[in-house]
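Undergrad:
Numbering (the numbering used here), first residue to last: -10 to 186.
#1: What separation, rounded to the nearest whole angstrom, lies between the Cα atoms of residue 141 and residue 98?
#2: Is residue 14 closer than 7 angstroms to residue 94 when the C-beta atoms are compared?
#3: Whether or not the stretch 5 to 13 and the stretch 128 to 137 are in contact is what I'm after, with contact meaning three or more pairs of Cβ atoms, one per stretch, closer than 8 angstroms; do they touch?
#4: Run through DSSP, which three-state label would residue 27 get?
#5: Please report the distance separating the alpha-carbon of residue 26 from that of residue 182.
#6: In this structure, how does DSSP classify residue 184 when only helix, strand and coil are distinguished?
#7: Just to confirm before moving on: does the CB-CB distance between residue 69 and residue 136 stay below 7 angstroms?
#8: With a threshold of 7 angstroms on Cβ separation, who are the neighbours of residue 122 within its own chain once the five nearest residues in sequence on each side are excluded?
#9: Rounded to a whole number of angstroms, what is the C-alpha to C-alpha distance between residue 153 and residue 185?
#10: Near residue 96, what residues of its chain come up, given a Cβ to Cβ distance below 7 angstroms and the 5 sequence neighbours on each side ignored?
#11: So, helix, strand or coil for residue 123, using DSSP?
#12: Do you know how far the Cα of residue 110 is from the Cα of residue 0?
#13: At the 7 angstroms Cβ level, is residue 174 part of the contact set with chain D, yes or no?
#14: Residue 144: which of 157, 119, 101, 38 sits nearest, CA to CA?
#15: Do residue -7 and residue 66 have their C-beta atoms within less than 7 angstroms of each other?
#16: How many Å lie between residue 73 and residue 23 at the Cα?
#17: Looking only at its chain, what residues have a beta carbon closer than 6 angstroms to the beta carbon of residue 106, apart from the 5 residues adjacent to it on each side?
#18: Indicate the three-state DSSP secondary structure (helix, strand or coil) for residue 7 in the structure shown.
#19: For residue 141, which of helix, strand or coil comes out of DSSP?
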């Protein structure tokens, strides 16, 4: 196994913008890092489940993906558009108000099951880097854990960025909500456009 290629792929994918990272940064900018942690834990739990499924069913899913991909993309895009709408209409928070529906463990978990980037990331990592070299279940479980922990670290990095600029985000909250919503719309649009590729 080429570990340099594997870890390059994993870190680059975990740190690039996507629904998890954008939502994590948005929540941390509104509520602070500590109060946004439930969402990040939901991402971790969902990520572990999705990566386990990808490892277990990678070969079957890889052959099945072409027929399922358009449906997955539409469902994922719809959920991400809902998140964008929720952020867009949300008012900037001062950290004292109650947390929104987008900042919960459940929201973080659900996002993983409709986040095509995460699903394809898991399938690609497992089928291209892990399964050709390892068939032993405990070793595969270690790779599942590695993928989940690095993905979680990526969302936490984006959350720290959001929390570091919390006062800036509070001062310019509405503008930044629009920008974050538009980034999520962009994510959804690229998913929809991918159907016709």
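Glycine is no exception: its CB is placed at the ideal position from the N, C-alpha and C atoms.
TA: So, to answer that:
#1: Your numbering for residue 141 matches position 152 in the chain shown. Your numbering for residue 98 matches position 109 in the chain shown. Each residue's alpha carbon lies about 12 angstroms from the other.
#2: Here residue 94 is taken as the residue at index 105 of the chain shown, counted from 1. Here residue 14 is taken as the residue at index 25 of the chain shown, counted from 1. Result no, Cβ atoms of residue 94 and residue 14 do not sit closer than 7 angstroms.
#3: no
#4: Your numbering for residue 27 matches position 38 in the chain shown. Looking at residue 27 - three-state DSSP - the assignment turns out to be helix.
#5: Looking up residue 26 in the chain shown gives position 37. Looking up residue 182 in the chain shown gives position 193. Between residue 26 and residue 182, the C-alpha separation is close to 32 angstroms.
#6: To locate residue 184, count along the chain shown from 1; it is residue 195. Three-state DSSP puts residue 184 in coil, outside helix and strand.
#7: By one-based count along the chain shown, residue 69 stands at place 80. By one-based count along the chain shown, residue 136 stands at place 147. Taking 7 angstroms as the Cβ cut-off, residue 69 and residue 136 do not qualify as a contacting pair.
#8: Numbered from 1 along the chain shown, position 133 holds the residue referred to as residue 122. Only -10 meet the Cβ criterion.
#9: Here residue 153 refers to the residue found at position 164 of the chain shown. Here residue 185 refers to the residue found at position 196 of the chain shown. Those two C-alpha atoms are separated by around 39 angstroms.
#10: In the chain shown, the residue the question calls residue 96 occupies position 107. Closer than 7 angstroms at Cβ, skipping near neighbours: 28, 31, 90.
#11: By one-based count along the chain shown, residue 123 stands at place 134. Three-state result, residue 123: coil.
#12: The count along the chain shown starts at 1 and reaches residue 0 at position 11. The count along the chain shown starts at 1 and reaches residue 110 at position 121. Going by the C-alpha atoms only, they are around 11 angstroms apart.
#13: The structure shown has no chain D; it contains just one protein chain.
#14: To locate residue 144, count along the chain shown from 1; it is residue 155. If we check each option's Cα against that of residue 144, 101 comes out closest.
#15: Within the chain shown, the letter at position 4 stands for residue -7. Within the chain shown, the letter at position 77 stands for residue 66. Going by C-beta atoms, residue -7 is not nearer than 7 angstroms to residue 66.
#16: One-based indexing of the chain shown puts residue 73 at position 84. One-based indexing of the chain shown puts residue 23 at position 34. Cα atoms of residue 73 and residue 23: separation of roughly 23 angstroms, rounded to the nearest angstrom.
#17: Looking up residue 106 in the chain shown gives position 117. For residue 106, where only same-chain residues beyond five positions count, the Cβ hits under 6 angstroms are 7.
#18: Here residue 7 refers to the residue found at position 18 of the chain shown. Three-state DSSP puts residue 7 in coil, outside helix and strand.
#19: As a first step, residue 141 is located in the chain shown; it is residue number 152 there, counting from the start. Helix at residue 141.
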